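Asks: The following block contains the structure, expressed as structure tokens.
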């Protein structure tokens with residue numbers, strides 16, 4: 001077992017958003033993304049993975065497949081690996097996202113289960 005305090009991963013920088021890894025085990029990673037007002041996570045995908053995001057602190061906008069949605073503290077979202085997404089801190093205060101990225105098993109592995 002490992003136990004960590006998530007508040008240690010909440011660290012902001014004026015120059016750019018930060019990524020602080022909490023756990024990385026096998027094909028899964030848990031991390032926190034931290035944004036000052038106006039900072040952005042560029043559009044990208046995670047093919048072959050499931051992405052779960054919790055708005056830990058603050059408010060912003062999340063873009064999924066070219067649609068924009070408000071994403072406020074306490075909300076959570078699931079994004080499939082073939083979906084493109086981005087995030088922007090649209091508020092006047094810092095925001096943090098708790099992210100779980102879990103790679104999907106290969107078809108060969110799934111057959112073995």
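In full-length UniProt numbering, the protein residues as written are 1 to 113. Idealized CB from N, CA, C, for every residue including glycine. Since the structure is predicted, the reported quantities are computational estimates derived from the model, not experimental observations.
Taking C-beta to C-beta, are residue 60 and residue 89 nearer than 7 Å?
Replies: In the chain shown, the residue the question calls residue 60 occupies position 60. In the chain shown, the residue the question calls residue 89 occupies position 89. Contact flag set, yes.
Asks: Should residue 6 go down as buried or exposed, given a rule of 16 or more other Cβ atoms within 10 Å for buried?
Replies: Here residue 6 is taken as the residue at index 6 of the chain shown, counted from 1. Exposed.
Asks: Name, in chain order, the residues that DSSP records as bridge partners for residue 34.
Replies: Your numbering for residue 34 matches position 34 in the chain shown. For residue 34, which the question treats as bridged, DSSP gives the partners 18 and 96.
Asks: With distance defined between alpha-carbon atoms, name the residue in 58, 37, 51 and 46 nearest to residue 96.
Replies: Working through the chain shown from its first residue, we reach residue 96 at position 96. Taking only the C-alpha atoms, the option nearest residue 96 is 58.
Asks: Over what stretch of residues does the beta strand (DSSP E) that includes residue 59 continue unbroken?
Replies: By one-based count along the chain shown, residue 59 stands at place 59. Element bounds for residue 59: 59 to 64.
Asks: Mark residue 13 as exposed unless 16 or more other C-beta atoms lie within 10 angstroms of its C-beta, in which case mark it buried.
Replies: If you number the chain shown from 1, residue 13 lands on position 13. Residue 13 comes out exposed.
Asks: Beta-carbon within less than 8 Å of residue 83's beta-carbon, same chain only, minus the 5 sequence neighbours each way: which residues are those?
Replies: Here the question's residue 83 lines up with position 83 in the chain shown. Result list for residue 83: 45, 64 and 65, in chain order.
Asks: Who pairs with residue 25 in a beta bridge, going by DSSP?
Replies: Your numbering for residue 25 matches position 25 in the chain shown. DSSP output for residue 25 lists 28 as bridge partner(s).
Asks: Output the boundary residues of the beta strand (DSSP E) element that contains residue 44.
Replies: Residue 44 sits at position 44 when you count from the first residue of the chain shown. Where residue 44 is concerned, the enclosing beta strand (DSSP E) stretches over 40 to 44.
Asks: Helix, strand or coil, according to DSSP, for residue 70 in the structure here?
Replies: Residue mapping note: residue 70 aligns to position 70 of the chain shown, counting from 1. In the structure shown, residue 70 sits in a strand (DSSP, three-state: E or B).
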